[in-house]
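In my numbering, the protein residues as written are 36 to 307.
We put the beta carbon where it would ideally sit given N, CA and C, even for glycine.
Here is the structure we will look at, set down as structure tokens.
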């Protein structure tokens with residue numbers, strides 16, 4: 036573990052915070068590249084990304100606080116200290132979606148096409164963020180005798196455990212590559228890439244949660260975590276969507292360099 040990467044003078048640079056910043060920047064680069072290829076207004080694209088980052092952080096913290104209200108209710112000064120006591124990814128995702136829907140409607144962009152471009156950006160951001168978790172020693176797994184098991188001091192015991200952060204980091208990098216390839220494919224219906232992300236990540240997240248042992252907020256008598264219940268929902272919805280779109284087809288994203296400016300905008304709608 037390396038919770039503190041290095042010091043700038045007397046100021047510590049924490050691994051999780053640093054990697055969170057890198058994750059946001061990496062996601063920005065990926066989405067901006069796809070948006071540029073499709074002739075989206077770069078100023079609007081940046082505005083959307085800023086809104087989604089803020090929504091993601093706020094939503095992630097909101098669910099974290101709700102799941103562990105027994106602690107935060109007695110320690111209200113800790114509620115806003117998201118950098119020191121955790122975020123829940125699905126909370127950010129659930130809040131970011133309506134924000135994205137409202138923004139794309141306001142500027143006249145196709146929601147599904149924008150979500151397709153956001154999917155690989157989210158995947159690569161998650162991969163880098165989990166590296167931050169690994170360095171910080173949070174999100175650790177159950178005890179294991181596997182040769183790659185690691186001890187996590189934050190667990191309170193010096194026993195080897197599943198490095199579930201590393202599992203998710205590798206899975207998200209693989210999902211990122213799959214999504215990038217899918218986004219570049221021809222004849223793909225709008226909404227296919229985001230549904231593929233939901234199916235792949237949701238399925239993996241549901242599984243890896245069984246190997247985690249850090250506090251995650253048990254539901255249904257402790258049988259499932261909040262993340263597992265959300266995973267069940269998004270995997271089911273994604274599977275239905277993918278099957279339906281495979282059967283009916285759809286309109287693929289245009290990526291022609293000759294496309295007019297703001298190619299996927301409806302010119303009758305403009306943000307104010």
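Coarse secondary structure for residue i, derived from DSSP in three states
i: residue 293; result: The predicted model places residue 293 with a pLDDT of 34, which falls under 50 and marks its position as unreliable; any figure quoted below should be read in that light. Looking at residue 293 - three-state DSSP - the assignment turns out to be coil, as it is neither helix nor strand.
i: residue 191; result: coil
i: residue 223; result: coil
i: residue 143; result: coil
i: residue 39; result: strand
i: residue 196; result: strand
i: residue 137; result: helix
i: residue 156; result: helix
i: residue 186; result: strand
i: residue 114; result: coil
i: residue 108; result: coil
i: residue 218; result: helix
i: residue 288; result: Since pLDDT at residue 288 reaches only 47, below the 50 mark, its modelled position is unreliable, and the value read off the structure follows with that caveat. Three-state result, residue 288: coil.
i: residue 130; result: helix
i: residue 181; result: coil
i: residue 122; result: coil
i: residue 75; result: coil
Run of the beta strand (DSSP E) containing residue i, from where it starts to where it stops
i: residue 103; result: Per DSSP, residue 103 belongs to no beta strand (DSSP E) and is neither H nor E.
C-beta atoms of residue i and residue j nearer than 9 Å
i: residue 146; j: residue 140; result: yes
i: residue 25; j: residue 53; result: What is shown of the chain runs 36 to 307, which leaves residue 25 out entirely.
i: residue 62; j: residue 150; result: no
i: residue 277; j: residue 230; result: yes
i: residue 37; j: residue 122; result: no
i: residue 164; j: residue 126; result: no
i: residue 232; j: residue 155; result: yes
i: residue 237; j: residue 269; result: yes
i: residue 136; j: residue 91; result: no
i: residue 157; j: residue 203; result: no
i: residue 23; j: residue 67; result: Within the shown structure, residues of the chain are numbered from 36 to 307, placing residue 23 beyond reach of any answer.
i: residue 124; j: residue 260; result: no
i: residue 209; j: residue 195; result: no
Host alpha helix (DSSP H) of residue i (start-end)
i: residue 229; result: 227-243
i: residue 59; result: 50-72
Beta-bridge pairing of residue i - partner residues as DSSP gives them
i: residue 176; result: 247
i: residue 46; result: 43
i: residue 86; result: Answer is none; residue 86 lacks a bridge partner.
i: residue 165; result: According to DSSP, residue 165 bridges with nothing at all.
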